[in-house]
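For the sequence shown, the UniProt record's numbering begins at 1 and goes up steadily by one.
Backbone N, C-alpha and C fix where the C-beta goes; we use that ideal spot for every residue, glycine too.
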Amino acid sequence: MKFAAPPVKVACLACRASRTRCDGGQTCHNCLVRNRECYYVPSKRGGSRRTRANPSNADILSAAQPSNRTSQHCSSDFTTLEQIGHLISPGAGLKRSEYVEVRQEADIGSHPGVTTNLIGDFSLRVYESEQTVLNAYYTYIHQYFPILPPPISPLKPDRPIHWSSTGSFKTLPYTTSPLSLAISAVLALIPLRQEEHCDTVVSTAARSSLAQRFAHAALEHVETDSEFLDFTTAQPPGSLDEELPISRTPFHPQTPAELESVLALLILSNYEHAQRGNLLKMTSRASQALVTAKNLSLHRLGSETDRFSEARRRAWWMTYYYAHLCSVVRQSASINVDDDSEFTTPYPRLEADPEAWTIFIESLRISVASVRFTASHKTSIMSQAEASSMYEQMGKLDRWVVLASARAEPHLPVSSTVELDPASEFVTSQVMRRICRIRFSSARIRIHRYHAFSDMPLFGNNHCDLTPTDILNVSSSVTVPITNTASGLLAEPTFTCDQSAGICVESALTISRQLQNLPTPNADYAGDILSQTMPTTSCCAMQASYALLMQFCRLRVMSQIPVISASSGISAERLVEELRHGLDGIIAAMEGFAGVFQAISGMTDEVDAAYQVAFQVTFPELETNSRS
């Protein structure tokens, strides 16, 4: 598609966050029609690019070849790799809530003019009824986290009330359903569109405090409901609609109240991960949801169809999904899920895309398999006898991912523009398939990453519990033979190191594109709120960042640029810019979630820091020339 004018290089913050075209005016057209403030801040990752003379391959090669500065570059490269390697450790970059609270107190204390009285100047996002909370769930959460059936009535524009932060210690406006309280905990983190200083320390602290109140209230109601669920577990499967031991009005008309505790725990599990940065509590909430779901026999339902059947199916399979997700995030079998052969519950129905749920669940199964494969690498590389078996498993897993990824591809739209009702199941199916592509690509990176980058002489620690068999002396030489590394112990690999590196880069770029194409809330319902919620692919973004940064350093350290250029016909500078562009996309997409969740903001900072170190240390000439 061609535009009448080229894109501007100074897009405002709102257009940049929503990834829409900005006309670069003092007040751009998009901000003008939406009656919002229009601000421009230069990008921290290089800003607008300017045309420059293309350096020759010889020039770039000279920067990559060892010279009299070998020892200086060598130590810098090792520092870079240590920073990059940290990206794939479990929970990398997550800001723990304790750290955030300490920093907030320090920041407030360092500004004498900021007092607790200023907290009263901020309005927080609260809803006056459970009906408006349900409406907000479909606006902000459902397309990413479809735990409820489709809405039974048309969606209305979002209408939160302005809850004064000084009144955050008052009684909460509704205290009946644990699910509505858990959803409110997430919604409270989203800034109101009228809030001018939503990114200040005091404003962020006020939103976090209110969200935590909702989360605690939700847990209390989960415990209260558990007393009634003892009665429910004695009933035969499928009888929940005959007699409801919990007498309150269901949060969703087609979801029995007994399921609300399970769904609330799933929301709270994601909250503990994305907001609090607590992987232990994330796993604990998901494990409790799994136990409760099994006690309700949700995993042994038949093909019966009634007004609650779709809600039960979604409750079970989202619980199953999130239990596996905990294992992927923590890179271990943190929750023991029984063999799938015991599960008889059909997949939920998605009329817009009947195959979406099948692929959605399969993407997590493949992710778990890739985590197990990665965990077995350390023991496999120690024995020459096990090398052939490891590579055979590697080939099988790779073929599985490729075939599954091909199934996720056909229904993907070309554009991420969503003009439909955000509660539309068509939108949900689009997001589910994009998440599947992200997970499949992340799985391929896990399968190939050690083989792709183990030929680097500066292969550092913290690679998902994978350590090199030989810790190299980085002050000696940059050109250590490949046979001295772990790759030298592996005979007749299925893939060459270059092939595995190419797969990792291709997969990482796919993740970057799909993350950028995840939709933001529809402006017709959410106004100009551009923040995204319910991040479940943050670890995939870290994997992709790791792959791109490691390939960049691999080009630098191993002097692979002329080899790749000669075989592909692509200039060295273009390869570097492709890696840079992919990282820019990942960081920009993560910033969409970081605007809501504090722990995710730590991940974004971690990737951005590694980005800055890698490009400034390895190719300072390119980093300098790329800035306007």
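message = Quick check on the DSSP output: the alpha helix (DSSP H) that includes Val262 runs from which residue to which?
response = That run of the alpha helix (DSSP H) goes Glu260 to Ala274.
query = From Ile361 to Ile183, what does the alpha carbon distance come to, in whole angstroms?
reply = Looking at the two C-alpha atoms, the distance is approximately 23 angstroms.
query = To the nearest angstrom, how far is it from the Cα of Ile438 to the Cα of Ser209?
reply = For Ile438 and Ser209, the distance between alpha carbons rounds to 32 angstroms.
task = Using the Cα positions of Tyr144 and Leu279, report the straight-line distance between them to the nearest angstrom.
result = Rounded to the nearest angstrom, the two C-alpha atoms are 20 angstroms apart.
task = Determine the direct distance from the alpha carbon of Leu403 to that of Leu301, and round the result to whole angstroms.
result = Going by the C-alpha atoms only, they are around 29 angstroms apart.
task = Could you tell me the distance, in whole angstroms, from the CA atom of Leu134 to the CA atom of Pro521?
result = Just so you know, the alpha carbons of Leu134 and Pro521 end up roughly 15 angstroms apart.
ask   = If you run the structure through DSSP and keep just helix, strand and coil, what is Thr132?
value = Residue state, collapsed to three classes: helix.
query = Can you tell me whether Glu573 is buried or exposed, with buried defined as 16 or more other CB within 10 angstroms of its CB?
reply = Buried, since its Cβ has 16 or more Cβ neighbours within 10 Å.
Span separating the alpha-carbon of Cys198 from that of Leu187 = If I take the Cα positions, the gap works out to 14 angstroms.
task = Report yes or no: do three or more beta-carbon pairs, one from the segment 305-324 and one from the segment 388-404, lie closer than 8 angstroms?
result = No, because fewer than three Cβ pairs between the segment 305-324 and the segment 388-404 fall closer than 8 angstroms, the two stretches do not touch.
task = Mind listing, in chain order, the continuous alpha helix (DSSP H) runs of no fewer than 4 residues lying wholly within the segment 305-391?
result = Counting whole runs of 4 or more residues, the segment 305-391 contains the alpha helix (DSSP H) stretches 309-330 and 356-380.
key: Whether Glu258 touches Glu351 by CB criterion (8 angstroms)   = Not closer than 8 angstroms, so no.
query = How close, in whole Å, do the beta carbons of Gln532 and Phe440 come, if the pair is a contact with beta carbons under 8 angstroms?
reply = That belief does not hold up - the Cβ atoms of Gln532 and Phe440 are roughly 21 angstroms apart, past 8 angstroms.
key: Residue from Ser180, Val328 and Tyr450 whose Cα sits closest to the Cα of Thr255   = When only C-alpha atoms are compared, the closest one is Ser180.
inquiry  = Report the CB separation of Arg313 from Pro346 in whole angstroms; it is logged as a contact under 8 angstroms.
reply    = Beta-carbon to beta-carbon, Arg313 and Pro346 are separated by about 6 angstroms, close enough to satisfy the 8 angstroms threshold.
The beta strand (DSSP E) enclosing Leu124, as first and last residue numbers = Secondary structure note for Leu124: its beta strand (DSSP E) is the uninterrupted segment Ser123 to Val126.
key: Alpha-carbon spacing of Gln514 relative to Ile435, whole angstroms   = Computed Cα separation, rounded: 8 angstroms.
ask   = How do the segment 599-613 and the segment 539-556 stand: do at least 3 beta-carbon pairs fall below 8 angstroms, yes or no?
value = Remark: three or more beta-carbon pairs, one from each stretch, lie closer than 8 angstroms, so the segment 599-613 and the segment 539-556 are flagged as touching.
key: Minimum C-alpha distance to Asn517 - residue among Met550, Leu32, Phe495 and Ala589   = Per the Cα distances, Ala589.
Complete alpha helix (DSSP H) runs within the segment 490-517 (minimum length 4 residues, chain order) = Within the segment 490-517, the complete alpha helix (DSSP H) runs of at least 4 residues are 497-516.
inquiry  = I'd like the list of long-range same chain contacts for Ile564, defined as Cβ closer than 7 angstroms, with 5 residues on each side in sequence excluded.
reply    = Interpretation of Ile564 is limited by its pLDDT of 46, a score under 50 that renders its predicted location unreliable; the figure taken from the coordinates is listed afterwards. The residues are Leu575.
task = With a threshold of 16 other CB atoms inside 10 Å of the CB of Arg307, please say whether the residue is buried or exposed.
result = Arg307 comes out exposed.
message = Check whether the segment 211-226 and the segment 155-175 touch, using three or more Cβ-Cβ pairs below 8 angstroms as the test.
response = Under the Cβ criterion (8 angstroms, minimum of three pairs), the segment 211-226 counts as touching the segment 155-175.
query = Since Trp163 sits in a beta bridge, which residues does DSSP pair it with?
reply = According to the DSSP secondary-structure assignment, Trp163 is paired through a beta bridge with Leu124.
Nearest-angstrom Cβ-Cβ length linking Leu219 and Gln275, presumed shorter than 8 angstroms = That belief does not hold up - the Cβ atoms of Leu219 and Gln275 are roughly 14 angstroms apart, past 8 angstroms.
message = Once the 5 residues before and after Ala293 are set aside, which same chain residues still bring their CB inside 6 angstroms of it?
response = Excluding sequence positions up to five before and after Ala293, its CB lies within less than 6 angstroms of the CB of Val262, Trp316 and Thr319, all in the same chain and listed in chain order.
Three-state secondary structure assigned by DSSP to His581 = In the displayed model, His581 falls within a helix according to three-state DSSP.
ask   = Taking the continuous alpha helix (DSSP H) assigned at Ile447, which residues delimit it?
value = For Ile447, the uninterrupted alpha helix (DSSP H) run begins and ends at Glu425 to Phe453, by DSSP.
key: Beta carbon of Pro149 nearer than 8 angstroms to that of Glu310   = In this structure, the beta-carbon distance from Pro149 to Glu310 falls below 8 angstroms.
request  = Going by CA-CA distance only, name the one from Trp400, Gly585, Gly595 and Ser284 that's closest to Val607.
outcome  = Comparing Cα positions, the closest option is Gly585.
request  = Would you list the one or two residues that DSSP bridges to Thr255?
outcome  = According to DSSP, which records beta bridges pairwise, Thr255 is partnered with His252.
inquiry  = At the level of alpha carbons, what is the spacing between Ile359 and Arg433?
reply    = In a straight line, the C-alpha of Ile359 is about 8 angstroms away from that of Arg433.
query = From this set, Gln430, Leu155 and Cys22, which residue's C-alpha is nearest Thr132's C-alpha?
reply = For the residues Gln430, Leu155 and Cys22, the minimum Cα distance to Thr132 belongs to Leu155.
query = In whole angstroms, what separates the C-alpha of Asp340 from that of Pro178?
reply = In a straight line, the C-alpha of Asp340 is about 29 angstroms away from that of Pro178.
ask   = Using the C-alpha atoms, what's the distance from Phe343 back to Ala452?
value = Taking the straight line from one Cα to the other gives about 37 angstroms.
key: Distance between Gln331 and Cys553 (C-alpha atoms, nearest Å)   = It is roughly 25 angstroms from the alpha-carbon of Cys553 to the alpha-carbon of Gln331.
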